[in-house]
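Number of protein chains: 2
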Amino acid sequence: MNNNNHNQVSIHALDGIPDIQPGDDLPGIILSAIDKNQYQLDDGDILVIAHKVVSKQEGQIIDLDDVTPTEEALKLGTELNKDPRKVQVVLSESKRLVRASKRPEQQEGTIIAEHRLGFICANAAVDESNVDAAGKVIILPHDPDHSAREICRSIEQATGKALGVIITDTFGRPWRMGLVNVAVGLANVPAKVDLAGDTDAYGRVLSVTVPALADEIAAASGLLMSKNGKKPVLIFKGVDWQASDSSARDLLRPQQEDLFR
Amino acid sequence: MNNNNHNQVSIHALDGIPDIQPGDDLPGIILSAIDKNQYQLDDGDILVIAHKVVSKQEGQIIDLDDVTPTEEALKLGTELNKDPRKVQVVLSESKRLVRASKRPEQQEGTIIAEHRLGFICANAAVDESNVDAAGKVIILPHDPDHSAREICRSIEQATGKALGVIITDTFGRPWRMGLVNVAVGLANVPAKVDLAGDTDAYGRVLSVTVPALADEIAAASGLLMSKNGKKPVLIFKGVDWQASDSSARDLLRPQQEDLFR
């Protein structure tokens, strides 16, 4: 899985991924786009896929007309000036609300929630952009690690190459402005690289240097994954990594270690 | 500043950057390494530089033997089982402590502080790895935006190319495990890209999609900037960006918008 040139990483966007429909053969669509773009997959390449195409393929789209808000959603909707049906979807996707607030200058308030899978993010990752009809929202894949592994296995079988897959979503951050992509589903790519025991340039032990490899790659994907949704799949070449039995849940900070809940 | 191929970004690490000493000609050292690595700079390339080499060049190194801890530092040092002289340096670099705590299983506690420049991070970015002597710590450059602009200007003058520079540090994150590089100093590269007014693939206005471009690039730098300190300078080619009068402070969330202080 190592490559010989650890001084270069390249990132390639796939043109021509069509609008994905529930039940589409996503690995087949990706392979066809790789061909059309005249790319080749090599051992150690990592495919980075925006969760929206995976969610759409899995039918994780909710028509707000089918949603009946609970009392809690109605109350929160009024407080935040937010469609109570959307609030209901957020609540249904959440284990727990972390913060909910509306500043006077905001048109619509903010919900920070712990998603059922443990991710802490705005609106429990419920998203209304890049859906082909008003009144619909997209939620995360049912089990993004599983989705990543299935896509990875299909493409590995078709190509004979040892690959990795990262499914991403776009999150805001406390303290820092602007959005970055993060990993929400992983196949083979380690979430973190544990350098404990390695030494720095002066021989000191680097006891706490644990780069979040999967999130480094996810963040980099934002450089080419255009926000208008037309380039949802990228190939990373040249990343130095070893396949592991990883999960995006490895990126979640345990509650007892978290000072900001 | 645009390039013709928005489907590819490449990242190149420079081998052979020597250990930097106070007063060294850092732009000259970088240019020499670019030559030795047989790279060429093109218009629109972005140099990403680990803050440590900039801090060292500026002499932002503190000998703990020269530090006299205050009462506050002594008290906090006892609570956190942390060298009170290090605590003193953290306090001197901070505007404000955000959290300070030690869990029983931790050998040394954690200080989350607001650095004098506004960054919220562990230990106010005071770092003890990759210093060539025990008993010394490195602090951030005095004004990382200014440092980035000076380095950028020197290298632009020497090459005649229009460039960007990002100075990075490695931060932890609430909620997510593992470290990622973030931008702490910027020359020309926009902190964020404001897509407000742009539309998604279905024509909806993307009112809140503001990618943190400089942090996307900083995070990607972690893929090649080895944690042992030997590859502190990278070149990014192919990023789609427009030069702007930016500052890493544009990445700081205003206190009134922050739900997690």
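Protein sequences appear in the order of chains A and B. Residues 1 to 261 (our numbering) make up the first sequence, in order. Residues 1001 to 1261 (our numbering) make up the second sequence, in order. Positions of the beta carbon are idealized from the N, C-alpha and C atoms, including for glycine.
Please report how far the alpha carbon of A/Q8 lies from the alpha carbon of B/G1238, in whole angstroms.
13 Å
Buried versus exposed, by CB contacts within 10 Å (16 or more), B/S1246
buried
Practice prompt. Using a Cβ cut-off of 8 Å (strictly closer), state whether A/K192 contacts chain B.
Written response: yes
#### Entry: Contiguous beta strand (DSSP E) assignments of at least 3 residues, all confined to the stretch 1152-1193 of chain B
1164-1171 and 1180-1187
ask   = Can we say the stretch 1012-1020 of chain B touches the stretch 72-89 of chain A, given the rule of at least three CB pairs closer than 8 Å?
value = no
* Asked: Closest to A/D169 by CA distance: which of A/I34, A/S226 and A/K192 is it?
  -> A/S226
Quiz item: Which bits of chain B does A/R99 rub up against, with CB to CB less than 9 Å?
Solution: Neighbours of A/R99 across chain B, judged by C-beta separation under 9 Å: L1259 and F1260.
- Message: Considering Cα atoms alone, identify which of A/W175, A/C121 and A/E105 is closest to A/R99.
- Response: With distances taken between CA atoms, A/R99 lies nearest to A/C121 out of A/W175, A/C121 and A/E105.
- Task: For B/R1103, count neighbouring C-beta atoms within 10 Å of its own C-beta (all shown protein chains included) and say buried if the count is 16 or more, exposed if not.
- Result: exposed
Using the beta-carbon of each residue, which ones in chain A are nearer than 8 Å to B/T1209? S129, T170, L179 and K227
Worksheet item: Where does A/E114 sit, in a helix, a strand or coil, going by DSSP?
Response: The answer is strand: DSSP assigns A/E114 an E or B state.
message: Just to confirm the assignment, what range does the alpha helix (DSSP H) spanning A/A50 have?
response: Run containing A/A50: none in the alpha helix (DSSP H); it sits in the beta strand (DSSP E), I46 to A50.
Next on the checklist: Is A/H115 close to chain B? Criterion is C-beta to C-beta, closer than 8 Å.
Outcome noted: no
### Message
I'd like to know whether the C-beta of B/I1217 is nearer than 8 Å to at least one C-beta of chain A.
### Response
yes
key: Cβ neighbour criterion (16 or more within 10 Å) applied to A/G185   = buried
* Hey, quick one: how far does the beta strand (DSSP E) through B/L1097 stretch, first residue to last? -> S1094 to S1101
* **Proximity below 8 Å, CB of B/P1271 to CB of A/G222** => Absent from the model: residue 1271 of chain B. The displayed extent of chain B is 1001 to 1261, so no value can be given.
Quiz prompt | For B/S1010, three-class secondary structure by DSSP | solution = Here DSSP, grouped into helix, strand and coil, assigns B/S1010 to strand.
Interfacial residues, the stretch 1050-1062 of chain B to chain A, with Cβ spacing under 9 Å:
none
### Query
Distance, Cα to Cα, A/D66 vs A/K136?
Roughly 10 Å between the two C-alpha positions.
* Presumed contact (8 Å Cβ cut-off) between B/L1179 and A/T209, rounded CB distance -> 7 Å
(request) Please decide whether A/S32 counts as near chain B, where near means a Cβ-Cβ distance under 8 Å. (result) No, A/S32 does not count as interfacial toward chain B.
Quiz item: Any C-beta of chain A sitting closer than 8 Å to the C-beta of B/G1222?
Solution: yes
Exercise. For B/S1211, name the three-state secondary structure that DSSP assigns.
Key: Strictly speaking, residue 1211 of chain B in this sequence is Pro, with Ser absent from that position. Residue state, collapsed to three classes: strand.
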